[in-house]
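Peer 1: Residue numbers (the working numbering), protein chains in the order written: chain A, 14 to 194; chain B, 190 to 536.
Ideal Cβ positions, reconstructed from N, Cα and C, are used throughout, including at glycine.
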Amino acid sequence: MTEDIDANLVAAALRGDAESFGRLCERYYPALVAIAYSQLADRHLAEDAAQEALLAAYRDIAKLKRPERLVGWLTAICRNIAIDMAKARARQKHAGIEDCSPVLDTGRNENDTVGIVREIILRLEPQMRDIVFLRYYNQMSYSRIAQMLGISEEAVNGKLRRARKMIHRQLRRRMSKETEP
Amino acid sequence: MMHKADEHWLDAMISRAVDLGKVEFDRKAWLDRLAAEPQKRHLTGRAVEHVKSKYFETIWRKIMESRATKYSAAAVIALAAALILTNPFGASKNGVLLAAVQEKIAQVDTMILRGQTTFTSVSDPNISVKYDNVKYMSRQYGFAEDGYIKGVLTYRIALNRPQKQALLLLPTLKKYVKFPCTEEQIKVVERLTPTGVVDLLLETEYRKLGTATVDGVEAEGFEVQDLKPLESIMPKFLLDLQKGTATIWVDKKELLPIRMEGDMLLGKTFTTLFMDVNCHEVAALEKYNVELDPGLFSTNPPEGYTPFTLSDLIPMKLSMAGLGVVPTGCLVWQSTRQRRRTGKLIV
Numbered sequence: 014m015t016e017d018i019d020a021n022l023v024a025a026a027l028r029g030d031a032e033s034f035g036r037l038c039e040r041y042y043p044a045l046v047a048i049a050y051s052q053l054a055d056r057h058l059a060e061d062a063a064q065e066a067l068l069a070a071y072r073d074i075a076k077l078k079r080p081e082r083l084v085g086w087l088t089a090i091c092r093n094i095a096i097d098m099a100k101a102r103a104r105q106k107h108a109g110i111e112d113c114s115p116v117l118d119t120g121r122n123e124n125d126t127v128g129i130v131r132e133i134i135l136r137l138e139p140q141m142r143d144i145v146f147l148r149y150y151n152q153m154s155y156s157r158i159a160q161m162l163g164i165s166e167e168a169v170n171g172k173l174r175r176a177r178k179m180i181h182r183q184l185r186r187r188m189s190k191e192t193e194p
Numbered sequence: 190m191m192h193k194a195d196e197h198w199l200d201a202m203i204s205r206a207v208d209l210g211k212v213e214f215d216r217k218a219w220l221d222r223l224a225a226e227p228q229k230r231h232l233t234g235r236a237v238e239h240v241k242s243k244y245f246e247t248i249w250r251k252i253m254e255s256r257a258t259k260y261s262a263a264a265v266i267a268l269a270a271a272l273i274l275t276n277p278f279g280a281s282k283n284g285v286l287l288a289a290v291q292e293k294i295a296q297v298d299t300m301i302l303r304g305q306t307t308f309t310s311v312s313d314p315n316i317s318v319k320y321d322n323v324k325y326m327s328r329q330y331g332f333a334e335d336g337y338i339k340g341v342l343t344y345r346i347a348l349n350r351p352q353k354q355a356l357l358l359l360p361t362l363k364k365y366v367k368f369p370c371t372e373e374q375i376k377v378v379e380r381l382t383p384t385g386v387v388d389l390l391l392e393t394e395y396r397k398l399g400t401a402t403v404d405g406v407e408a409e410g411f412e413v414q415d416l417k418p419l420e421s422i423m424p425k426f427l428l429d430l431q432k433g434t435a436t437i438w439v440d441k442k443e444l445l446p447i448r449m450e451g452d453m454l455l456g457k458t459f460t461t462l463f464m465d466v467n468c469h470e471v472a473a474l475e476k477y478n479v480e481l482d483p484g485l486f487s488t489n490p491p492e493g494y495t496p497f498t499l500s501d502l503i504p505m506k507l508s509m510a511g512l513g514v515v516p517t518g519c520l521v522w523q524s525t526r527q528r529r530r531t532g533k534l535i536v
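(1) With DSSP collapsed to three states, give me the class of B/M464.
(2) For A/I144 and B/E443, what's the separation of their Cα atoms in angstroms?
(3) Just the chain A side, please: which residues come within less than 9 Å of B/L199 by C-beta, in chain order?
(4) Spell out whether any CB of chain B is found under 8 Å from the CB atom of A/L53.
(5) Anything in the segment 80–108 of chain A with a Cβ closer than 7 Å to a Cβ of chain B? List those residues in chain order, please.
(6) Using a 10 Å radius around the Cβ and a threshold of 16 neighbouring Cβ atoms, would you call B/G493 buried or exposed?
(7) Using 10 angstroms around the beta-carbon of B/S537, count the other beta-carbons present and answer buried if the total reaches 16, otherwise exposed.
(8) Could you tell me which chain B residues have their CB closer than 9 Å to the CB of A/E39, listed as they occur along the chain?
(9) With DSSP as the reference, label B/R256 as helix, strand or coil.
(10) Let me check understanding here. Comparing Cα to Cα, which of A/L45, A/K190 and A/G163 lies closest to A/C91?
(11) In chain order, what residues of the same chain lie with their CB nearer than 6 Å to the CB of B/E246, ignoring the 5 residues before and after it?
(12) Could you pull out every residue in the same chain whose Cβ sits closer than 6 Å to the Cβ of B/E450, ignoring the five residues on either side in sequence?
(13) Which stretch, first to last residue, makes up the beta strand (DSSP E) that contains B/G433?
(14) Any beta carbon of chain A sitting closer than 8 Å to that of B/D415?
(15) Between B/Y477 and A/A47, what straight-line distance do the alpha-carbon atoms span, to the nearest angstrom?
(16) For the segment 151–159 of chain A and the segment 125–141 of chain A, state whether three or more C-beta atom pairs, one from each stretch, are separated by less than 8 Å.
(17) Using C-beta distances below 7 Å, list every residue in its chain close to A/R142, excluding the 5 sequence neighbours before and after it, in chain order.
(18) Let me check one thing: in DSSP terms, what residues is B/S310 bridge-paired to?
(19) Is the segment 191–206 of chain B in contact with the segment 173–193 of chain A, if contact means three or more CB pairs nearer than 8 Å?
(20) With 8 Å as the threshold, decide whether the Cβ of B/S204 is near any Cβ in chain A.
(21) Against B/W438, what residues of chain A qualify as contacts under a CB-to-CB distance less than 7 Å, listed in chain order?
(22) Which of the three DSSP states is assigned to B/F368 in this structure?
(23) Name the residue from B/L342, B/V366, B/I338 and B/G340 whose alpha carbon lies nearest to the alpha carbon of B/L348.
(24) From this set, B/P351, B/A218 and B/W438, which residue's C-alpha is nearest B/D404's C-alpha?
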């Protein structure tokens, strides 16, 4: 059903219907923010990246040869933009330019369990991070995640299980270290 | 192996850890951002209204404000079908920016277009006529078009903008039709600008044809696939445009439209001698910003010409002359005489 709606919206967007493109934006924006966040670890930058990705997609939508791959295409654009932004930030740091954006959000106390979990997640391999965010933040089904990332549902399932195990293992290790006298 | 309780706890921790808060797409902010970069961003198809209002003002916007002028702008191709005018303007993307094309064409004061128009009866492809034509466009003087069959000047039409007059000459009959340009026609002429055709592209669906070498020039092509918006341009009894497509090629380097091709199916009207007719039109930009002789746009009939009267519309006369003529100056039609295999002469 969702795919049908998407297909209709994509078809209309390809015909230049800005309204349909806008609806697609609304639908996928949170997921794109999550993808960008998993690279940037900064919500504001992540929103910038997602908006930039949608601008780029709108500009280049005619280049999309297979409309059914729009979601994966949007994700790839967003991830690339986020990676570029992360690199630019790293360069700024390297050049001694003060970088206002933190590596991790400082909104929460990083010593608490949630902060530690977040830190662990952000150190997972990139695709695992994406899957964790899409599953736990965006509440996406395995099939939608698979569609976004261009991988199979089995791969999503496998990677998510491995990610959870890694998070659990590392969390236990960190917590036991912290409780050591 | 985790216990169920551990799993739930871990899931809750992960959910909290990745909770970015509510993220909402701010369409207005996004459109503002889109609008802020019009030179870099090509707006596809029906451009966002928000962006239009900011960046596609002036003539184009004014056209859009009025139903009449909107359709007048779209009349470009209908008029081309009617042999008055052809204006192969267009827009592009992937490097050929709409705004840049508009800007470039805005600097063009005159144009000479050369092409061919072929009319073929749908029911009998043997009934066909091909015109070679030259179109002159001047922002100052108006439009003129000469039509030739096998090198013989068959018709000339001039729309003189300052005088608000039009003249149709039929050299084979030594006849002329002179008529005032209505305000609507003048508007059509005035809207016969790049913005008008860009408007058409934006208003109708179109397909990108990609890059190709056209007349030795690297160009990007666009096909307007639906000419329905043009249907109401002219009264149906004059021009029954049933369907059609138009292709526009834009020089990627010069950002100027260099070629237009149109295919239209015209229904039975007296302008087509009550035949369904396929019309194929090709026009290529030959020169631009060259000085044009104001005499080309003269609406004074040459010596020896007499006014075309209603009696000249009698089919017998038309057959003898091989011409069908619409006094409103919209269409000239000639059915060529061809022999079938039986040797029987048909008209």
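Peer 2: A quick look at the data gives this:
(1) Start at 1 with the first residue of the second sequence, and residue 464 of chain B comes out as number 275. Note: B/M464 maps to coil in three-state DSSP.
(2) Numbered from its first residue, the first sequence carries residue 144 of chain A at position 131. Numbered from its first residue, the second sequence carries residue 443 of chain B at position 254. If I take the Cα positions, the gap works out to 47 Å.
(3) Locating residue 199 of chain B in the second sequence gives position 10, where the first residue counts as 1. Ordered by position in chain A, the residues that pass the 9 Å Cβ test against B/L199 are V130, R177, I180, H181 and L184.
(4) As a first step, residue 53 of chain A must be located in the first sequence, where it is residue number 40. Closer than 8 Å: no.
(5) For the segment 80–108 of chain A, which is checked against every Cβ of chain B, not one residue is closer than 7 Å.
(6) Locating residue 493 of chain B in the second sequence gives position 304, where the first residue counts as 1. Exposed is the call here.
(7) The structure shown does not extend to residue 537 of chain B, since chain B spans only 190 to 536, so no value can be given for it.
(8) One-based indexing of the first sequence puts residue 39 of chain A at position 26. The contacting residues are E213, F214 and R216.
(9) As a first step, residue 256 of chain B is located in the second sequence; it is residue number 67 there, counting from the start. Here the model assigns B/R256 a pLDDT of 39, short of 50, so the residue's position is not dependable and the matter cannot be decided.
(10) Along the first sequence, read from residue 1 onward, the residue named residue 91 of chain A stands at position 78. When each option's Cα is compared against that of A/C91, the closest is A/L45.
(11) Here the question's residue 246 of chain B lines up with position 57 in the second sequence. Per-residue confidence for B/E246 stands at a pLDDT of 32, beneath the threshold of 50, marking its modelled position as unreliable; the derived number appears in the next sentence. Same-chain partners within the cutoff: there are none.
(12) Position 261 of the second sequence, counting from 1, holds the residue named residue 450 of chain B. Same-chain partners within the cutoff: T436 and V471.
(13) Counted from its first residue, the second sequence places residue 433 of chain B at position 244. Segment L430 to D440, the beta strand (DSSP E) holding B/G433.
(14) Indexing the second sequence from 1 puts residue 415 of chain B at position 226. No - not a single Cβ of chain A is within 8 Å of the one on B/D415.
(15) Within the second sequence, the letter at position 288 stands for residue 477 of chain B. Within the first sequence, the letter at position 34 stands for residue 47 of chain A. In a straight line, the C-alpha of B/Y477 is about 53 Å away from that of A/A47.
(16) no
(17) For the purposes of this step, residue 142 of chain A is taken as the residue at position 129 of the first sequence. S51, I134 and L135, listed in sequence order.
(18) Taking the second sequence and counting its residues from 1, one reaches residue 310 of chain B at position 121. Answer is B/V466.
(19) Enough Cβ pairs lie closer than 8 Å, so yes.
(20) By one-based count along the second sequence, residue 204 of chain B stands at place 15. Closer than 8 Å to some Cβ of chain A, the Cβ of B/S204 qualifies, so yes.
(21) Within the second sequence, numbered from 1, the residue matching residue 438 of chain B stands at position 249. Here the premise fails: no neighbours, minimum Cβ distance about 17 Å.
(22) Your numbering for residue 368 of chain B matches position 179 in the second sequence. Strand.
(23) Reading the second sequence from its first residue, position 159 is the one you call residue 348 of chain B. It is B/V366 whose Cα lies nearest to the Cα of B/L348.
(24) Taking the first residue of the second sequence as position 1, residue 404 of chain B is located at position 215. Taking only the C-alpha atoms, the option nearest B/D404 is B/W438.
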